[in-house]
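Below is one structure, written out as structure tokens, with a few remarks after it.
There are 4 protein chains.
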Amino acid sequence: MSPRSPEQFAHLREERRQEILMAALRLFADQGFEATSISQIARETGMSKGLLYNYFESKQQLLEEMVNVVFQKIGLSFQEILTYPGGQGFEGGCTLLAKILTLNCRLIEQDTDFFKLYARIGIQLYEKMALPRRLYEVEDGWNRTIVHMLQDLGQAHERIEAALFHATLDGVNLHYLFHFEKYPLQEAYNRIWHRYTVGQKPDLF
Amino acid sequence: MSPRSPEQFAHLREERRQEILMAALRLFADQGFEATSISQIARETGMSKGLLYNYFESKQQLLEEMVNVVFQKIGLSFQEILTYPGGQGFEGGCTLLAKILTLNCRLIEQDTDFFKLYARIGIQLYEKMALPRRLYEVEDGWNRTIVHMLQDLGQAHERIEAALFHATLDGVNLHYLFHFEKYPLQEAYNRIWHRYTVGQKPDLF
Amino acid sequence: MSPRSPEQFAHLREERRQEILMAALRLFADQGFEATSISQIARETGMSKGLLYNYFESKQQLLEEMVNVVFQKIGLSFQEILTYPGGQGFEGGCTLLAKILTLNCRLIEQDTDFFKLYARIGIQLYEKMALPRRLYEVEDGWNRTIVHMLQDLGQAHERIEAALFHATLDGVNLHYLFHFEKYPLQEAYNRIWHRYTVGQKPDLF
Amino acid sequence: MSPRSPEQFAHLREERRQEILMAALRLFADQGFEATSISQIARETGMSKGLLYNYFESKQQLLEEMVNVVFQKIGLSFQEILTYPGGQGFEGGCTLLAKILTLNCRLIEQDTDFFKLYARIGIQLYEKMALPRRLYEVEDGWNRTIVHMLQDLGQAHERIEAALFHATLDGVNLHYLFHFEKYPLQEAYNRIWHRYTVGQKPDLF
DNA sequence: GATGAATGAGGCTTCATTCAT
DNA sequence: AATGAATGAAGCCTCATTCAT
Numbered sequence: 009m010s011p012r013s014p015e016q017f018a019h020l021r022e023e024r025r026q027e028i029l030m031a032a033l034r035l036f037a038d039q040g041f042e043a044t045s046i047s048q049i050a051r052e053t054g055m056s057k058g059l060l061y062n063y064f065e066s067k068q069q070l071l072e073e074m075v076n077v078v079f080q081k082i083g084l085s086f087q088e089i090l091t092y093p094g095g096q097g098f099e100g101g102c103t104l105l106a107k108i109l110t111l112n113c114r115l116i117e118q119d120t121d122f123f124k125l126y127a128r129i130g131i132q133l134y135e136k137m138a139l140p141r142r143l144y145e146v147e148d149g150w151n152r153t154i155v156h157m158l159q160d161l162g163q164a165h166e167r168i169e170a171a172l173f174h175a176t177l178d179g180v181n182l183h184y185l186f187h188f189e190k191y192p193l194q195e196a197y198n199r200i201w202h203r204y205t206v207g208q209k210p211d212l213f
Numbered sequence: 009m010s011p012r013s014p015e016q017f018a019h020l021r022e023e024r025r026q027e028i029l030m031a032a033l034r035l036f037a038d039q040g041f042e043a044t045s046i047s048q049i050a051r052e053t054g055m056s057k058g059l060l061y062n063y064f065e066s067k068q069q070l071l072e073e074m075v076n077v078v079f080q081k082i083g084l085s086f087q088e089i090l091t092y093p094g095g096q097g098f099e100g101g102c103t104l105l106a107k108i109l110t111l112n113c114r115l116i117e118q119d120t121d122f123f124k125l126y127a128r129i130g131i132q133l134y135e136k137m138a139l140p141r142r143l144y145e146v147e148d149g150w151n152r153t154i155v156h157m158l159q160d161l162g163q164a165h166e167r168i169e170a171a172l173f174h175a176t177l178d179g180v181n182l183h184y185l186f187h188f189e190k191y192p193l194q195e196a197y198n199r200i201w202h203r204y205t206v207g208q209k210p211d212l213f
Numbered sequence: 009m010s011p012r013s014p015e016q017f018a019h020l021r022e023e024r025r026q027e028i029l030m031a032a033l034r035l036f037a038d039q040g041f042e043a044t045s046i047s048q049i050a051r052e053t054g055m056s057k058g059l060l061y062n063y064f065e066s067k068q069q070l071l072e073e074m075v076n077v078v079f080q081k082i083g084l085s086f087q088e089i090l091t092y093p094g095g096q097g098f099e100g101g102c103t104l105l106a107k108i109l110t111l112n113c114r115l116i117e118q119d120t121d122f123f124k125l126y127a128r129i130g131i132q133l134y135e136k137m138a139l140p141r142r143l144y145e146v147e148d149g150w151n152r153t154i155v156h157m158l159q160d161l162g163q164a165h166e167r168i169e170a171a172l173f174h175a176t177l178d179g180v181n182l183h184y185l186f187h188f189e190k191y192p193l194q195e196a197y198n199r200i201w202h203r204y205t206v207g208q209k210p211d212l213f
Numbered sequence: 009m010s011p012r013s014p015e016q017f018a019h020l021r022e023e024r025r026q027e028i029l030m031a032a033l034r035l036f037a038d039q040g041f042e043a044t045s046i047s048q049i050a051r052e053t054g055m056s057k058g059l060l061y062n063y064f065e066s067k068q069q070l071l072e073e074m075v076n077v078v079f080q081k082i083g084l085s086f087q088e089i090l091t092y093p094g095g096q097g098f099e100g101g102c103t104l105l106a107k108i109l110t111l112n113c114r115l116i117e118q119d120t121d122f123f124k125l126y127a128r129i130g131i132q133l134y135e136k137m138a139l140p141r142r143l144y145e146v147e148d149g150w151n152r153t154i155v156h157m158l159q160d161l162g163q164a165h166e167r168i169e170a171a172l173f174h175a176t177l178d179g180v181n182l183h184y185l186f187h188f189e190k191y192p193l194q195e196a197y198n199r200i201w202h203r204y205t206v207g208q209k210p211d212l213f
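Protein chains in written order, with my numbering: chain A, 9 to 213; chain B, 9 to 213; chain C, 9 to 213; chain D, 9 to 213.
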């Protein structure tokens, strides 16, 4: 009887938004943006099609907000890593490497959909969005960090080795996304760990 | 005016099919399957929409045949590699590794579109098609081959190292597709080469 | 806190209705009925969409009531004019003519939106409503009055001249709505005034 | 069996376009742009909705092309009138006046829908289109021409009288569009004719 | 074989209206 | 009384596919 308070409305709104975002994320990650219809998202969330437009201006906008979330989530998670200053010696390099591997492992196992979407974006999908730039920035951040890390770990040819390290990481992630439980994700990460710590450290997992 | 022989007709037909397939490949690779319209393909090939249906039953079928071509091309190119029997000693391993790297490099530079589409497929795009099985087979073939190669090269932990090698290869390819001319593809391959030949061999490129 | 009396409530209600009507009038006049959304009206009035339906059954009904208001306003304003009995001699004709021109001028300058909507209705817009009849009645009233006036002013061919006078009036109004401040409205009215008073009277404006 | 020649196709296309334009003109003129749906136009022409988009890019575009046609048609018809140089003496003025009235009469009787749409445009509808400018130009042309004509006819106050003349013309047209067969269009034009020729000429109609 | 007009299903989006609170 | 979330019909538009020629 008494109308809802603005706070209640805001709360409801935010919940709904998340609900939609999560459903859309799952669908976009699995089928891709163009292959996912608004009807499908509506069905998935149990809402009417029209209601979606109460929360997002358009399908495109929904994608962009979702990508924002993806980038923010990934950016936040890796912030410490992406701002690694370098010059921390072998131990510092090891610490960073451990962080990279464990975090990566945890995130990709927990937020598989996020990574699937991230991978799709990386494969040049959705160029229309102003995204690739941000993607480039993130990728640059990774490169810088990895170069510093490899220097600290005493690796030679650190620029090209960084490219390989980065490629290996992405490749492992991609294969995991593809093979899923059958993929020896942790073993792979352990192997990388051993490779760069020259076997001086115990397993990570 | 001069009536064409049945062979000439068949030949013309086959040429047209290839033309269509190549145009579709380029478009699918760049924009994806759903974002590419039949009209676009028709425009690209200079034919009418109707004529396309003279060569392919449907858009879906066109995709499937194209994927067939992609797999066949990749299968043919890598046939020798994918049937590597193992047991060829260090020199044999080196030879195989060199083949893998040079072939990969040549193909991805020449047939970028093939690889783009392959990558899209790999990211679980078109699951509706009965493809993933063949993809799995190819991937399995790679794994077997790489395991053998690493054994011949005297590497320990060959199973998991094979996964890493494979991931690195795919990761490098992916990054190349993303960064293109700015990516130090040959340097990366050379580095891999050195890593496994323990520096006993000259550069590949 | 102090409970409002029923009269106060009724008063408030009526005020709200007017507020809505005025907002809708402005929007309908500027954009037309179909191009104006309920949401826009709600936004304009600062109320919620739901509340509008507390005051008007439907968008269509809102339009109809508004048209009623327009007709009522115009009817009231021109009542004296539209009931001119005729037979008042030259001076009576002049008095009426002066009234017509000054009133018209004042109204169109003050209530531009009313006239815009009136013009839209005149152009056969909203035929679905049972309006045109009333429009016809008003127009007939004008014709009768003008015929009487022209007779009193000593004009021959008063029937067809009435049509021309009426047309000129509407044409001037229309052009004013189109050109706005750039239109010499008062000059035009003065000219008409001179035309029918044979220059025996001073300017109106 | 033998495919249609490009000329046949072009011919068919042009016919269809005209068919659509005419149907849309009728509907837009009667109901307005926003109140007319693509479905209605399709029904009216007996085509499928989709086919309309083979001929016009969008509903908006259809309107614009139609308005182009309207302007071109009206522009062509009145070209001689709108370029009247002035300085032709009383007889020249009379000739022009006769042309204006007879042409106007013929066009509005034959192409009522054109004029209805023109009227709607004049009432500030469709401001989104880049049209109003062209409308202004046409209106300016009229004003110049009428001023010249009134000078040649020996009228004083030609600037403001031109405004009145123009208003009368538009007003008469509007009333005709509204009352149709019941409106004494030719009588009205005759009256105007007499007014400016000081009764020295016989009736026009 | 070849063309492009034609169809119709389905996609995205808007909006008048209803409803739970 | 008041809010704005929710619905569903309808509007615009696209596109794979068919068809007459």
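Idealized CB from N, CA, C, for every residue including glycine.
LEU212 of chain C - containing alpha helix (DSSP H), residue span: Counting along the chain, no alpha helix (DSSP H) covers LEU212 of chain C, and no H or E run does either.
Under 8 Å between beta-carbons, which chain A residues line up against THR176 of chain B? List them in chain order, please. Within chain A, the residues near THR176 of chain B are LEU172, ALA175, THR176, GLY179.
Stretch-stretch touch, CB-based, cutoff 8 Å, three pairs: the region 86-103 of chain B with the region 149-156 of chain B: In this structure the region 86-103 of chain B lies against the region 149-156 of chain B, because at least three pairs of beta carbons, one per stretch, are closer than 8 Å.
Can you tell which of B:LEU71, B:TYR63, B:GLU147, B:LEU105 has the C-alpha that lies nearest to the C-alpha of LEU35 of chain B? Measuring from the Cα of LEU35 of chain B, the nearest candidate turns out to be B:LEU71.
Cutoff 9 Å: ALA106 of chain C Cβ touching any chain D Cβ: Chain D, which has no Cβ nearer than 9 Å to the Cβ of ALA106 of chain C, makes this no.
Anticipated Cβ contact below 8 Å, ILE49 of chain A with ALA31 of chain A, distance rounded: Distance from ILE49 of chain A to ALA31 of chain A at the Cβ level is roughly 6 Å; contact confirmed, criterion being Cβ atoms closer than 8 Å.
Excluding five sequence neighbours on each side, which residues of the same chain lie with their C-beta closer than 8 Å to the C-beta of PHE98 of chain A? Sequence-distant partners of PHE98 of chain A (beyond 5 residues in either direction) whose C-beta falls short of 8 Å from its own C-beta, in its chain, are ASP160, LEU161, GLY162.
HIS183 of chain C vs ASP148 of chain D beta-carbon contact at 9 Å: Not closer than 9 Å, so no.
In three-state terms, what does DSSP make of PHE64 of chain D? The answer is coil: DSSP assigns PHE64 of chain D none of H, G, I, E or B.
Evaluate VAL75 of chain A with the Cβ neighbour count: other Cβ atoms within 10 Å of its Cβ, from every protein chain shown; 16 or more gives buried, anything less gives exposed. Counting Cβ neighbours within 10 Å, VAL75 of chain A comes out buried, since at least 16 surround it.
Judging by CA-CA distance, which residue of D:GLN96, D:GLN118, D:MET55, D:GLY94 is the nearest neighbour of LYS81 of chain D? Per the Cα distances, D:GLN118.
In chain C, which residues lie less than 7 Å from ARG199 of chain D when you measure between Cβ atoms? Under the 7 Å cutoff, chain C gives HIS165, ILE168, GLU169, LEU172.
Residues in the same chain with beta-carbon distance under 8 Å from ALA171 of chain D, minus the five sequence neighbours each way, listed in chain order, please. Closer than 8 Å at the Cβ level, and outside the excluded window around ALA171 of chain D, lie ASN151.
Just how far apart, CA to CA, sit ILE108 of chain D and GLN26 of chain D? Take the alpha-carbon of ILE108 of chain D and the one of GLN26 of chain D: they are about 28 Å apart.
In whole angstroms, what separates the C-alpha of ASP38 of chain A from that of GLU52 of chain A? Distance between the alpha carbons of ASP38 of chain A and GLU52 of chain A is about 13 Å.
For MET9 of chain B and SER85 of chain B, I'd like the C-alpha separation in whole angstroms. With a pLDDT of only 48 at MET9 of chain B, under 50, the local geometry of the prediction cannot be trusted, and no value is derived from it.
Could you check if ASN112 of chain C is buried or exposed, using at least 16 other CB atoms within 10 Å of its CB as the buried criterion? By the beta-carbon neighbour count (other beta carbons within 10 angstroms, threshold 16), ASN112 of chain C is buried.
Output, in chain order, the set of chain D residues within a Cβ distance shorter than 8 Å of LEU182 of chain C. Close partners of LEU182 of chain C in chain D (Cβ separation under 8 Å): GLY130, ILE131, ALA175, ASP178, GLY179, LEU182.
Please give the ranges of any alpha helix (DSSP H) in the region 65-144 of chain B, keeping only runs that are unbroken, at least 4 residues long and fully inside the region. Complete alpha helix (DSSP H) runs here, min 4: 67-90, 97-118, 120-130.
Residue from B:GLY130, B:ALA196, B:LEU158, B:LYS190 with nearest C-alpha to ALA175 of chain A: Answer by Cα proximity: B:ALA196.
Closer than 7 Å by beta-carbon distance: list the chain D residues that pair up with PRO192 of chain C, in chain order. Residues of chain D whose Cβ lies closer than 7 Å to the Cβ of PRO192 of chain C are, in chain order, ILE168, ALA171.
Between the alpha carbons of THR44 of chain C and LYS67 of chain C, how many angstroms are there, rounded? Rounded to whole angstroms, THR44 of chain C to LYS67 of chain C spans 10 Å at the Cα level.
Any chain D beta carbon closer than 9 Å to ALA196 of chain C: Answer yes: the Cβ-Cβ gap between ALA196 of chain C and chain D drops below 9 Å somewhere.
Note down, in chain order, every chain A residue with its Cβ under 8 Å from the Cβ of ALA43 of chain B. Listed along chain A, the residues sitting closer than 8 Å to ALA43 of chain B by beta-carbon distance are GLU42.
May I ask which residues mark the beginning and end of the alpha helix (DSSP H) holding THR53 of chain B? Element bounds for THR53 of chain B: 46-53.
Please tell me whether VAL77 of chain D and LEU29 of chain D are closer than 9 Å, where the distance is taken between their beta carbons. Result yes, Cβ atoms of VAL77 of chain D and LEU29 of chain D sit closer than 9 Å.
When burial is assigned at 16 or more other CB atoms within 10 Å of the CB, is GLU169 of chain A buried or exposed? Counting Cβ neighbours within 10 Å, GLU169 of chain A comes out buried, since at least 16 surround it.
Taking GLU189 of chain C as part of the alpha helix (DSSP H), name the residues at either end of that continuous run. DSSP places GLU189 of chain C in no alpha helix (DSSP H); its state is neither H nor E.
Given a cut-off of 9 Å on the beta-carbon distance, is the pair LEU193 of chain C and PHE122 of chain C in contact? Between LEU193 of chain C and PHE122 of chain C, the C-beta gap is not smaller than 9 Å, which leaves the two residues out of contact.
Whole-number beta carbon distance between ARG24 of chain A and TYR63 of chain A, since they are thought to touch under 8 Å: The Cβ separation is near 6 Å, so the contact holds.
Taking CB distances under 9 Å as the criterion, tell me whether PHE186 of chain B reaches chain A. Yes - at least one Cβ of chain A is within 9 Å of the one on PHE186 of chain B.
Reducing DSSP to helix, strand and coil, say where ARG24 of chain B ends up. Three-state DSSP puts ARG24 of chain B in a helix.
If I measure Cβ to Cβ from PHE213 of chain C and keep anything under 7 Å in the same chain, skipping five residues before and after, which residues do I get? The answer, listed in chain order, is GLN194, TYR197, ASN198.
Measuring straight from C-alpha to C-alpha, what distance separates ARG21 of chain D and GLU73 of chain D? Rounded to the nearest angstrom, the gap between the Cα atoms of ARG21 of chain D and GLU73 of chain D is 15 Å.
State the Cα-Cα distance for the pair GLY101 of chain C and VAL206 of chain C, rounded to the nearest angstrom. Looking at the two C-alpha atoms, the distance is approximately 12 Å.
Does the beta-carbon distance from GLU145 of chain B to GLY40 of chain A come in below 9 Å? Here GLU145 of chain B is not near GLY40 of chain A, since their CB atoms are 9 Å or more apart.
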